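S.K.: First the structure, which I've put down as structure tokens, then a few questions once you've had a look.
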Amino acid sequence: MYDIDGDLLLTSVDDDILKEDIGITTLLHRRLILKAIDELKKSCSSEFPLTTATTSNKNKDFSKQFEGDFTPLLPMNEMILNETYPNVSSCELTEKRHPSIVSHIHKWVGCLPSGRKIDKIEHVFNSNRYRVFLGQLEAVENRQYQQAFQPNLNNENSRGQRKNVLKRLEVLCQLVKHNRDLPIARMWHGCRKNDLRHILSDGFAALSSLDDGYFGKGIYFSSSTKYVTRYCGGKGGCLIMCYILISNPFPIVTADAPPSVPPERFRFFGKGNHKNYQCHYIPVSPTDDGDEWDFRPPSSGIIDDAIYDELVVFQEAYILPQIVVHLK
Numbered sequence: 007m008y009d010i011d012g013d014l015l016l017t018s019v020d021d022d023i024l025k026e027d028i029g030i031t032t033l034l035h036r037r038l039i040l041k042a043i044d045e046l047k048k049s050c051s052s053e054f055p056l057t058t059a060t061t062s063n064k065n066k067d068f069s070k071q072f073e074g075d076f077t078p079l080l081p082m083n084e085m086i087l088n089e090t091y092p093n094v095s096s097c098e099l100t101e102k103r104h105p106s107i108v109s110h111i112h113k114w115v116g117c118l119p120s121g122r123k124i125d126k127i128e129h130v131f132n133s134n135r136y137r138v139f140l141g142q143l144e145a146v147e148n149r150q151y152q153q154a155f156q157p158n159l160n161n162e163n164s165r166g167q168r169k170n171v172l173k174r175l176e177v178l179c180q181l182v183k184h185n186r187d188l189p190i191a192r193m194w195h196g197c198r199k200n201d202l203r204h205i206l207s208d209g210f211a212a213l214s215s216l217d218d219g220y221f222g223k224g225i226y227f228s229s230s231t232k233y234v235t236r237y238c239g240g241k242g243g244c245l246i247m248c249y250i251l252i253s254n255p256f257p258i259v260t261a262d263a264p265p266s267v268p269p270e271r272f273r274f275f276g277k278g279n280h281k282n283y284q285c286h287y288i289p290v291s292p293t294d295d296g297d298e299w300d301f302r303p304p305s306s307g308i309i310d311d312a313i314y315d316e317l318v319v320f321q322e323a324y325i326l327p328q329i330v331v332h333l334k
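Residue numbers for the sequence shown follow this note's numbering, beginning at 7 and rising by one.
In structure tokens, the structure reads:
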């Protein structure tokens, strides 16, 4: 329910996470849970002394093991707790004070739709979410080569198309620089200003209940800011840049969402993640009927004909918001 597996439970869960992320408000209950976790750690230590010793060493300055684009861009003394976003620290980024960072962000944003301009840029940091993300990153990294987490397209149709879809996602992941042994993607989520506070403080998960989703009932992202700006509303709005752990993605192609059927008959409409796949990736293009909201895999079946893309994520812990671009 909370995307916390055994490894994450033993290495990253603390009182703050139990209270803020999981919602256990009673101090006594949190203490009982933490006591049980400590007893479980001791039990593991007696049964697997070598493994536990390794884990103990790793936990010394845990966050310093991680380097890359997804780590905080500024020292913590430049970040201030933002009253607008509870539990979130933020700092407005300006060309005068942060020229290199702002230059990179403008490059990542790319071309916005006509009539949309950048109002301001914020760097955001939620310490609880960051700890969970790092713990999940390590857990995914450790299990990604296990047989249960390997893609198996042998029983799928259009295998050639699906492999090309995965290659496209692989190229995106190569744009993110880091020192870990797993793919991480830089993606965007568009939202109205009124939704930003809830997303940064409480997470994306509640938004997945708003509609069934063409390609799965999850949290939607795209590598294109122009594409996600459609979700920002008539005026203003925000673009949230996130880093996302890519674990065993399932490639969705034309056969899963044919041009001749309504979205309600798509293979994954309103469904959860497919089998053991942790996310869905879909290159998309507009349909011939001109519906501005109907994007699906290109009818030609040629992946390069897709103008945009969508990534459907099913686990909140795989998502780390870092930058908010406010539009005007």
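Cβ coordinates follow ideal geometry from the N, Cα and C atoms, glycine included. Values in this document were obtained by computation on a predicted structure and should not be read as measured data.
Report the start-end ranges of each alpha helix (DSSP H) in the region 114 to 173 that is 4 residues or longer and not cut off at the edges.
M.R.: If we require 4 residues or more, the alpha helix (DSSP H) runs fully inside the region 114 to 173 come out as 133 to 149.
S.K.: Is it right to say E270 is buried, meaning 16 or more other beta carbons lie within 10 angstroms of its own, or is it exposed?
M.R.: Looking at its Cβ environment, which holds fewer than 16 other Cβ atoms inside 10 Å, E270 is exposed.
S.K.: Taking the C-alpha atoms as reference points, what is the distance between G74 and R186?
M.R.: Cα to Cα, the separation comes out at about 8 Å.
S.K.: Let's test the definition: count the other Cβ atoms within 10 Å of the Cβ of I252 and tell me whether it reaches 16, buried, or not, exposed.
M.R.: Result: buried.
S.K.: Give the single residue among D201, A261, G224 whose Cα lies nearest to the Cα of G278.
M.R.: Cα-wise, what sits closest to G278 is G224.
S.K.: First and last residue of the beta strand (DSSP E) that includes H286?
M.R.: Its beta strand (DSSP E) spans residues 285 to 292.
S.K.: Nearest-angstrom Cα distance between L188 and E147?
M.R.: Distance between the alpha carbons of L188 and E147: 6 Å.
S.K.: Taking 8 Å as the limit between beta carbons, can you name the residues of its chain near N63, skipping five residues before and five after?
M.R.: Caution applies to N63, whose pLDDT of 49 falls short of 50 and renders its modelled position unreliable; the value that the coordinates give is listed next. The answer is none, since no qualifying residue turns up.
S.K.: Between the C-alpha atoms of P265 and P303, what's the straight-line distance to the nearest angstrom?
M.R.: Distance between the alpha carbons of P265 and P303 is about 8 Å.
S.K.: Please state whether DSSP places R186 in a helix, a strand or coil.
M.R.: R186 falls in the coil class under three-state DSSP.
S.K.: I'd like to know whether the C-beta atoms of I335 and Y249 end up nearer to each other than 9 Å.
M.R.: Because the chain spans 7 through 334 in this model, residue 335 falls outside it and cannot be assessed.
S.K.: Kindly list the residues whose CB is nearer than 6 Å to the CB of Q284, restricted to its own chain and excluding five residues on each side of it in sequence; keep chain order.
M.R.: Within the same chain, Q284 has close Cβ partners S253, N254.
S.K.: In whole angstroms, give me the CA-to-CA distance for D218 and V318.
M.R.: Near 12 Å, if we compare the C-alpha coordinates of V318 and D218.
S.K.: Give the single residue among D297, P78, I329, I43 whose Cα lies nearest to the Cα of G196.
M.R.: Cα-wise, what sits closest to G196 is I329.
S.K.: Short check: CB of L333 to CB of R137, under 9 Å?
M.R.: No. Outside cutoff.
S.K.: Could you tell me the distance, in whole angstroms, from the CA atom of T60 to the CA atom of L143?
M.R.: Legend: pLDDT at T60 = 48, less than 50; position of this residue unreliable, value from coordinates given subsequently. Near 17 Å, if we compare the C-alpha coordinates of L143 and T60.
S.K.: From this set, C179, R36, S133, T31, which residue's C-alpha is nearest P78's C-alpha?
M.R.: Looking at the Cα atoms, S133 is the closest of the given residues.
S.K.: Check for me: the beta strand (DSSP E) holding S229 runs from which residue to which?
M.R.: Careful: S229 lies outside any beta strand (DSSP E) and carries neither H nor E.
S.K.: Going by other Cβ atoms of all chains shown within 10 Å of its Cβ, with 16 needed for buried, is Q321 buried or exposed?
M.R.: Flag for Q321 reads buried.
S.K.: What does C244 pair with, by DSSP beta-bridge criteria?
M.R.: According to DSSP, which records beta bridges pairwise, C244 is partnered with C197, H332.
S.K.: Considering only residues of the same chain and omitting the five flanking positions on each side of E165, which have a CB-CB separation below 8 Å?
M.R.: Reading the sequence as shown, one finds Arg at residue 165 and not Glu. Contacts found: L159.
S.K.: Under DSSP, the beta strand (DSSP E) around C97 begins and ends at which residues?
M.R.: Counting along the chain, the beta strand (DSSP E) containing C97 begins and ends at 95 to 99.
S.K.: Looking at K183: is its Cβ nearer than 9 Å to the Cβ of G243?
M.R.: No, these two residues do not count as a Cβ contact at 9 Å.
S.K.: Per DSSP, what kind of secondary structure is V318 in: helix, strand or coil?
M.R.: In the structure shown, V318 sits in a strand (DSSP, three-state: E or B).
S.K.: Going by DSSP in three states, Y249 sits in which element: helix, strand or coil?
M.R.: Here Y249 sits in strand by DSSP.
S.K.: For S291, would you say it is in contact with chain D, using Cβ-to-Cβ distances shorter than 9 Å as the test?
M.R.: The question asks about chain D, but that chain is absent: this structure has only one protein chain.
S.K.: Secondary structure at R103, three-state DSSP: helix, strand or coil?
M.R.: The answer is coil: DSSP assigns R103 none of H, G, I, E or B.
S.K.: Put P264 into one of helix, strand or coil per three-state DSSP.
M.R.: Looking at P264 - three-state DSSP - the assignment turns out to be coil, as it is neither helix nor strand.
S.K.: Based on Cα-Cα distance, which residue from R192, K169, V171 lies nearest to Q180?
M.R.: Q180 has its Cα closest to that of R192, out of R192, K169, V171.
S.K.: Would you mind working out which of G239, D315, T32 sits nearest E176, comparing C-alpha positions?
M.R.: Considering only alpha carbons, the answer is D315.
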